[in-house]
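Here is the structure we will look at.
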Amino acid sequence: MTTNERPGYELLEKGHLVLFAMQFALVGSILARDGVDGLRGGIVGFLAVTVFVFIMNRRLARDDGNRRATRWIVAWRMGVLAALAVGTLLVAFDQSRPTGAPESVRQLPFMMLWVVICLKGAAVGKLKPGGLLGLRVYWTLRSHLAWDKAHRTLGRILFGGGLIGLAASTVLPPPTSLALLVLLVATGVIVALAESWQVWRSDPERAS
């Protein structure tokens, strides 16, 4: 399965190419003006994450297991791409102003991350058991009921928490917003795994 046969993934790939062009142009501009020392402003980190996400999206485009969740997965990944684009633009904005970007502008990437969490919450409940994406632990891989419970629980927590976090991110300092996001994801994973383990223990059709 190629990206040309999956229109959503083809659009993602084109979006990545545009973002790569932006990032490499920014790297070139920084190097020409400030040398290697100028790369300490975060663009290298954004570029590394963009490469990682690009590779993961290529793998997903070849995975036929989650066709029913394709729309949500593509939307979720588009959100990631948009967050990276906003972050890249913020670095460019910082580089162009001696005083850096104002606080309201710095909040934008974190607001985008909360949007990504909401989209991820909407997508994970539709993931096919045993697929490339998901909570792949011993009991979820041996029981369809446990897999379903884990991902529906995680989806509800991420979607609901993401909506609250998105609203709160407009007034929270970026470090606090990021800390709450990490806490939400960690809590969602722990609760989902705990509840799915209980389901696995009582599933008569679980694999040994």
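Number 34 in our numbering belongs to position 8 of the sequence shown; there are no gaps in the numbering. For every residue, glycine included, the Cβ atom is placed at its ideal position computed from N, Cα and C.
- For Gly181, the uninterrupted alpha helix (DSSP H) segment begins and ends at 170 to 194.
- With a threshold of 16 other beta carbon atoms within 10 Å, Arg97 falls short and is exposed.
- Shown here for Val215: same chain residues with a beta carbon closer than 8 Å to its own, the five before and five after excluded, namely Leu161, Leu180 in chain order.
- Selection Ile56, Ser203, Val62, Arg85 evaluated against Glu39 yields Arg85 as nearest (Cα-Cα).
- Thr76 is classed as buried because its beta carbon has at least 16 other beta carbons within 10 Å across all chains shown.
- In the DSSP assignment, Gln224 falls within the unbroken alpha helix (DSSP H) covering 200 to 227.
- Contact check for Gly151 and Arg178: beta-carbon distance about 5 Å, within the 8 Å limit, so the pair qualifies.
- Going by C-alpha positions, Ile81 is about 13 Å away from Leu107.
- Following the DSSP letters along the chain, one finds Pro135 inside the alpha helix (DSSP H) bounded by residues 134 to 150.
- Around Leu167, the same chain offers Gly156 as residues with beta carbons nearer than 7 Å, after the five sequence neighbours per side are excluded.
- Thr196 and Ala205 have their C-alpha atoms some 15 Å from each other.
- Judged by DSSP in its simplified three-state form, Tyr35 adopts helix.
- Between the C-alpha atoms of Leu192 and Met137 there is a straight-line separation of about 6 Å.
- For the 8 Å CB-CB criterion, Gln133 and Pro201 do not form a contact.
- In the structure shown, Val117 adopts helical secondary structure according to DSSP, grouped into three states.
- In the same chain as Leu171, and ignoring 5 residues on each side of it, the C-beta atoms closer than 6 Å to its own belong to Val225, Asp229, in chain order.
- With a threshold of 16 other beta carbon atoms within 10 Å, Ala218 meets it and is buried.
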